[in-house]
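Worksheet: the structure to be examined is printed underneath.
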Amino acid sequence: MDQDYIKQRLIEKFGEAVTGFESPYGMLTFEAPKEMNLKVLQFLYDDEHLKFRFLTDLCAVHYPDNKGRELAIVYLLHNLVDNVRIRFKVFSPINEAGAAYTADIYTATKLFEAANWLERETFDFYGINFVGHPNLKRIMNVEEMDYYPMLKQYPLEDQSRVDKDDEMFGRGGSVI
Amino acid sequence: MSELQHIKDPHIVLPDGSIEKTTTTLNLGPTHPATHGVFQNILEVDGERIVSSEQTVGYIHRAFEKIAERRPLYQITPLTDRLNYCSSPINNMGWHMTVEKLLGITLPKRVEYLRIIIMELARISDHLICNSIVGVDAGAFTGFLYVMQYRELIYEIYEEVCGSRLTTNIGRIGGFERNFNDIAFAKLEKFLAEYPAVLKEFENLFNRNRIFMERLIGAGPIGADRALNYGFTGPNLRAAGVDYDVRVHTPYSSYEDFEFEVPVGSTGDCYDRFLVRNQEMWQSLRIIEQAYAKVKQFKGKDAEVYHADVPEYYLPKKEDVYTKMEALIWHFKIVMGETEIPKGEVYHSVEGGNGELGFYLISDGGRTPYRLHFRRPCFIYYQAYSELTSGGMLSDAVITMSSLNLIAGEMDA
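If you read the sequences in order, they're chains Z and E. So in the UniProt record's numbering the end of the first sequence lands on 176, straight run, no missing numbers. So in the UniProt record's numbering the end of the second sequence lands on 413, straight run, no missing numbers.
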């Protein structure tokens, strides 16, 4: 099964809706509108030739300068029978600051159990609301946290800051 | 009438309107000695039988993905050490290979074979810990104590190559930091000569041990379709009967040059996981033997090759830095993180101790990754723990946890 075949099947099924076909470093990558993420995943899962039934990975990426397409959700799927991997992306605009969630995407948990914690992790770090998720709550960070730390507007601490007391961090300070 | 009415304790007076619960909530963890790491399981138990459970993770979350967005490539290697710390060399190599894929670096064969030796040693030490801990949890401490000195020997080999033992930071982008010395090879030979007898004895202790079998067979089973749906990879998936191995499906670092088998189980229970890991150690030994034989074929100048020629990314030798202008410039640029990485998007995965360890790296052409995501096998298959243990006994839950080889570091990233 080559990449042209997968591409052709997707275009047959979804027409103009699937776009952005490319294959960086040999992995077929494409995108679809965010409302269609489940339809595409279901088609890839059910189709008797495509058989993308293994969810390898799911994560999000934040592109603050990409107006209208700030958040990308990346699904990495694997057809274990023919050993083919594809990468499927959906882009979503980001909600204004202060909103409870940054974006709304349908959950893939009904298709893949593996998506459960991966989506919780993505929610935890990027604030994406996976609509229909059975247990969408923070997984790595404390539940009281009121921001989504992997968004690009939260930079890491400046490593050259000097207002911290080094003694508290086991550096410098008094020697006994 | 419920049977429980007869055994109701007259001394317990519940407030009006309260509903009497017939199950008990039990916290297993986060710091319980049987969990071998920081895991919290909130179990709902009926006597000793688990009715349902919920897992909490994140106690040692260290924000590696965020930190990586500000670090030059070679500073990310120490972060990967701390994922699955029982086999950090595999993580390190996986990261180097991801970067090499992005940069388009091809390595000399000798370097790839040396990497395979290190990775398979790491796999042995990882499985050794897991299986001997399964023994401990089943009540047999002897095996654990007996095999530890061979894990020590593996760590000594790491020490000869990179100077450290647990969090190794081994290798560099493009190869190794130094060539293997004679002591490393001597220790490797000692390991290859002595370890088979030890592993055989370890198997003799456990494999057909009646008590051990009774404890493990049927504990925490999972079928192939559920395991795939849960995203299982590695020995845990193979124990359920699916022969998916990244080393075979997507060979990296010249694994295609080697002859080895992929052991599979059938029931996906603790016993099959144990047997699969044991068999994998035998296969790893086979691979190391072949790789070492191949390494020995390099003679003269070829036997001194231990890295690819990529001055932009490979830290030059210290004596060159002091004597050669070019080496000094590269050294400065690498250490200060001033080398720009090409734009691109790459996913690379290796067969880690626990399964497919993936690195999804997006670079926007800057000096640090734009986004780095680790596909941690532990994190993905720990979701199934509730399904694996519900309906079983509490003691089975403990043994299921150790036989899944859950490593807190890999789960939390």
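Note that CB positions come from ideal geometry on N, CA and C, so glycine has one too.
Could you tell me whether any Cβ in chain E is nearer than 8 Å to the Cβ of residue i?
i: Pro-134 (chain Z); result: no
i: Ala-113 (chain Z); result: One detail in the question is off: residue 113 (chain Z) reads as Glu in this sequence, not Ala. Yes, Glu-113 (chain Z) lies at the interface with chain E (some Cβ there is under 8 Å from its Cβ).
i: Asn-141 (chain Z); result: yes
i: Tyr-101 (chain Z); result: no
i: Tyr-25 (chain Z); result: yes
i: Asp-47 (chain Z); result: no
i: Val-81 (chain Z); result: no
i: Leu-151 (chain Z); result: no
i: residue 178 (chain Z); result: No statement about residue 178 (chain Z) is possible, as the shown extent of chain Z runs from 1 to 176 and does not include it.
i: Asn-37 (chain Z); result: no
i: Leu-118 (chain Z); result: yes
i: Phe-123 (chain Z); result: no
Specify the secondary structure class of residue i as computed by DSSP and reduced to three states.
i: Met-325 (chain E); result: helix
i: Cys-130 (chain E); result: helix
i: Tyr-106 (chain Z); result: strand
i: Cys-59 (chain Z); result: strand
i: Asp-46 (chain E); result: strand
i: Phe-88 (chain Z); result: strand
i: Arg-172 (chain E); result: strand
i: Met-1 (chain E); result: Caution is warranted here: a pLDDT of 43 is assigned to Met-1 (chain E), below 50, making its placement in the model unreliable, and the coordinate value is therefore given only provisionally. Three-state result, Met-1 (chain E): coil.
i: Glu-54 (chain E); result: strand
i: Phe-130 (chain Z); result: strand
i: His-96 (chain E); result: helix
i: Gln-149 (chain E); result: helix
i: Thr-80 (chain E); result: helix
i: Gln-3 (chain Z); result: helix
i: Asn-204 (chain E); result: helix
i: Leu-406 (chain E); result: coil
i: Gln-153 (chain Z); result: coil
i: His-249 (chain E); result: helix
Indicate whether at least one CB of chain Z lies closer than 8 Å to the CB of residue i.
i: Phe-359 (chain E); result: no
i: Gly-344 (chain E); result: yes
i: Val-305 (chain E); result: no
i: Glu-338 (chain E); result: no
i: Ile-362 (chain E); result: yes
i: His-96 (chain E); result: no
i: Leu-26 (chain E); result: no
i: Gly-58 (chain E); result: yes
i: Phe-64 (chain E); result: no
i: Leu-228 (chain E); result: yes
i: Phe-379 (chain E); result: yes
i: Arg-375 (chain E); result: yes
i: Ser-2 (chain E); result: With a pLDDT of only 49 at Ser-2 (chain E), under 50, the local geometry of the prediction cannot be trusted, and the value read off the model is given with reservation. Cβ-Cβ to chain Z under 8 Å: no for Ser-2 (chain E).
i: Lys-101 (chain E); result: yes
By Cβ distance, which residues of its chain are closer than 6 Å to residue i, with the 5 residues on each side in sequence left out?
i: Val-40 (chain Z); result: Ala-32
i: Leu-128 (chain E); result: Val-147, Arg-151
i: Leu-28 (chain E); result: Asn-41, Leu-43
i: Met-1 (chain E); result: With a pLDDT of 43 at Met-1 (chain E), under the threshold of 50, the modelled position of this residue cannot be trusted; read the value that follows with caution. Closer than 6 Å at the Cβ level, and outside the excluded window around Met-1 (chain E), lies no residue.
i: Val-51 (chain E); result: Thr-23, Glu-44
i: Lys-137 (chain Z); result: none
i: Gly-37 (chain E); result: Ala-408
i: Tyr-255 (chain E); result: Arg-247
i: Val-61 (chain Z); result: Ala-72
i: Val-276 (chain E); result: Pro-235, Arg-238, Ala-239, Pro-263, Gly-265
i: Leu-151 (chain Z); result: His-62
CB-CB under 8 Å to residue i, same chain, minus the five flanking residues each way: which ones, in chain order?
i: Met-93 (chain E); result: Arg-115, Ile-118, Met-119, Ile-170, Gly-171, Ser-253, Val-350
i: Val-335 (chain E); result: Leu-315
i: Arg-70 (chain E); result: Thr-368
i: Leu-102 (chain E); result: Ile-341, Pro-342, Gly-344, Val-346, Leu-361, Ser-363
i: His-11 (chain E); result: none
Quick one, which of the options has its alpha-carbon nearest residue i's?
i: Ile-222 (chain E); options: E:Leu-216, E:Thr-267, E:Asp-320; result: E:Thr-267
i: Leu-188 (chain E); options: E:Lys-296, E:Asp-364, E:Asn-207, E:Pro-108; result: E:Lys-296
i: Lys-301 (chain E); options: E:Val-262, E:Pro-235, E:Asn-179, E:Lys-333; result: E:Asn-179
i: Thr-339 (chain E); options: E:Thr-323, E:Gly-366, E:His-348, E:Leu-357; result: E:Gly-366
i: Pro-149 (chain Z); options: E:Glu-65, E:Tyr-155, E:His-307; result: E:Glu-65
i: Met-70 (chain Z); options: Z:Gln-8, Z:Tyr-126, Z:Glu-48, Z:Leu-118; result: A quick correction: the sequence has Glu, not Met, at residue 70 (chain Z). The option with the nearest alpha carbon to Glu-70 (chain Z) is Z:Tyr-126.
i: Leu-394 (chain E); options: E:Ser-18, E:Thr-25, E:Gly-17, E:Val-13; result: E:Thr-25
i: Leu-285 (chain E); options: E:Pro-311, E:Glu-261, E:Leu-192; result: E:Leu-192
Query raised in the report: Can you list, in chain order, the stretches of the alpha helix (DSSP H) that have 4 or more residues and sit fully within the stretch 343-395 of chain E?
Result: 377-381, 385-389
Query raised in the report: What residue ranges within the stretch 268-312 of chain E form continuous alpha helix (DSSP H) runs of no fewer than 4 residues, ordered along the chain?
Result: DSSP runs (the alpha helix (DSSP H)) wholly in the stretch 268-312 of chain E: 270-296.
Report task. Let me know the beta strand (DSSP E) ranges lying completely inside the stretch 18-75 of chain Z, each 3 residues or longer, listed in chain order. Result -> 19-22, 28-33, 54-62
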